[in-house]
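Going left to right, the sequence shown walks through residues 13 to 394 as this note's numbering numbers them. I have placed the structure first, in the form of structure tokens, so that the comments after it can refer back to it.
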Amino acid sequence: MLSELGNTSKPEPSNRRGVSSQRDSNAPAKRARGVLLAGLLLIHVPLAAQPLKVAFVHENPVGQGGWTLSHELAREKLQAHFGDAIETTALDKVAPGGDTERVLTKLARSGQQMIFATSFGHMSGAARVSRRFPDVVFEHAAGYTMGPNLGTYQIRAYQGRYLAGFAAGLVTETNRLGYVGAFPIPEVVRGINAFTLGARAANPQAEVEIIWISTWSDAGRSREAAELLASLQADVITHHTETSAAVQAAEQRGVWSVGYQTDRSAFAPKHHLVSIAHNWLPIYRDKIQARLDGRWTAQAKWVGVEQDATQLVGWGGQVPQEVRERVLEQRQRLLSGALRVFTGPLFDAQGRQRLAEGATMADEDLLRMEWLLAGIGGDAPR
């Protein structure tokens, strides 16, 4: 900005026509006073504030939709919200491991002041790189590793999962619900357990079967898993993957689908039950504002139904109004605190009690949830 200020003061063009030939004896003093006055004026011209440079790093392509798209939609709204106060950059297709460290290091060296790594797989890389750049603020989505300049953030998507599971429990006729899972990381496992708890709250006979496909983005494997679940009599199918393939497969098989991360209703016009959408704007807005105000601290921050961060969207036209109303009642219970998703007693698949009767699971335990509830079909890959 200094160069711009320098360019604002330009010399007047030379024009000797009409200039008196008589020499002004006071000219040197006048010029000196003019220079001094100009200098004083420049001192009082405020320098334009430099924008905060904020970068977002995604594992999967934005074009696939899902998790990455939900972050990108929030980034676009952030830029509109803060205007010239921030300057954002987004990079996708950054694989966990060496690529993560390389990209984060390059961003930190290029002057980025705040970096959000949005994939669970970026956790180790973010932890290592943050230690080398203590003056840069790092944030990691869905993880649990923290440091002096490394915070974590998460949407209580399990609340939306519980509500969608409740809806699934109300509409199923076979009492069999299908779940296409990518990897058994805490975020995915937490969602499966919450979906199951919601379904059983609405229908104690409901059963959940999981098929693990060990990939976020392989549409073919996601479709095959959904088709297999439908052949096993699952009449509601949901997924934790980036693509809409499972929703499309459910539509073709004529069974209900529950979309995830963004509104998937366009892919199932006849049999879409509802989608669970992520709204990251509240959490990004608060963290960036804290950085702008100079009050940012490393913390594990969660947002949920109270901030409208987890949403039920795209209700299908065929869904009975009574189902919507009963699900809305459950949402109001979450808002009031009368309902907490993970309340004991809870037992895992090996029969061990994980939560005592009446107890509520702490956030730090939710972040590390790697066990499935008793009665869920399908083993987590090792």
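Where is the CB? At the ideal position from N, CA and C, for every residue including glycine.
Residue i - DSSP class collapsed to helix/strand/coil
i: Arg338; result: helix
i: Asp111; result: helix
i: Glu239; result: helix
i: Ile222; result: strand
i: Thr208; result: helix
i: Trp79; result: helix
i: Thr322; result: strand
i: Glu263; result: helix
i: His93; result: helix
i: Ser269; result: strand
i: Phe150; result: strand
i: Thr372; result: strand
i: Ile388; result: coil
i: Gly363; result: coil
i: Lys105; result: coil
i: Thr355; result: strand
i: Thr164; result: strand
i: Ala67; result: strand
i: Arg4; result: The question about residue 4 has no answer, for the chain in this structure spans 13 to 394.
i: Ile288; result: strand
i: Met126; result: strand
i: Leu244; result: coil
i: Ile98; result: strand
Proximity below 8 Å, CB of residue i to CB of residue j
i: Ala211; j: Leu189; result: yes
i: Thr274; j: Ser122; result: no
i: Leu90; j: Val69; result: no
i: Leu385; j: Asp360; result: yes
i: Gln76; j: Thr227; result: no
i: Arg338; j: Leu209; result: no
i: Arg260; j: Arg233; result: First, the residue type needs correcting, since residue 260 is Gln and not Arg in the sequence shown. Their beta carbons are not under 8 Å apart, which means Gln260 does not touch Arg233 by this criterion.
i: His252; j: Ala194; result: yes
i: Thr100; j: Val66; result: yes
i: Pro196; j: Glu318; result: no
i: Gly109; j: Phe132; result: no
i: Gly203; j: Arg168; result: no
Exposure label - residue i; buried when at least 16 CB within 10 Å
i: Thr372; result: exposed
i: Gly316; result: buried
i: Arg114; result: exposed
i: Ala278; result: exposed
i: Thr309; result: exposed
i: Gly306; result: exposed
i: Arg380; result: exposed
i: Pro198; result: buried
i: Pro146; result: exposed
i: Ile55; result: Confidence at Ile55 is low in this model, with a pLDDT of 43, below 50, so its placement is unreliable and the value that follows should be read with caution. So Ile55 counts as exposed.
i: Leu3; result: A question about residue 3 goes unanswered here, because the residues of the chain that appear run from 13 up to 394.
i: Gly78; result: buried
i: Leu340; result: exposed
i: Pro332; result: exposed
i: Glu219; result: buried
Whole-angstrom distance between residue j and residue i, CA atom to CA atom
i: Trp314; j: Phe207; result: 19 Å
i: Ile223; j: Leu304; result: 44 Å
i: Ala129; j: Ala257; result: 26 Å
i: Ala213; j: Glu221; result: 17 Å
i: Ser269; j: Gln62; result: 47 Å
i: Gln166; j: Lys282; result: 32 Å
i: Gln344; j: Ala179; result: 15 Å
i: Glu334; j: Gln171; result: 20 Å
i: Gln125; j: Val200; result: 30 Å
i: Ala367; j: Leu119; result: The sequence given here places Leu at residue 367; Ala does not occur at that position. Near 42 Å, if we compare the C-alpha coordinates of Leu119 and Leu367.
i: Leu358; j: Ala107; result: 35 Å
i: Pro216; j: Thr250; result: 19 Å
i: Pro73; j: Asn291; result: 18 Å
i: Val267; j: Gln342; result: 24 Å
i: Thr80; j: His152; result: 14 Å
i: Ile295; j: Lys105; result: 23 Å
Residue i at chain D interface by Cβ criterion, 8 Å
i: Phe178; result: Within the model displayed, chain D is absent; a lone protein chain is all it includes.
Does the segment 277 to 288 touch the segment 343 to 358, meaning 3 or more C-beta pairs lie closer than 8 Å?
no
Below 8 Å, how does it come out for the segment 289 to 305 and the segment 77 to 94: are there three or more Cβ pairs, yes or no?
yes
Could you say if the segment 157 to 166 and the segment 141 to 149 meet the contact criterion of at least three C-beta pairs nearer than 8 Å?
yes
Inter-stretch contact at 8 Å, needing at least 3 Cβ pairs: the segment 182 to 196 / the segment 241 to 257:
yes
With three or more C-beta pairs closer than 8 Å as the rule, is the segment 319 to 327 touching the segment 351 to 371?
no
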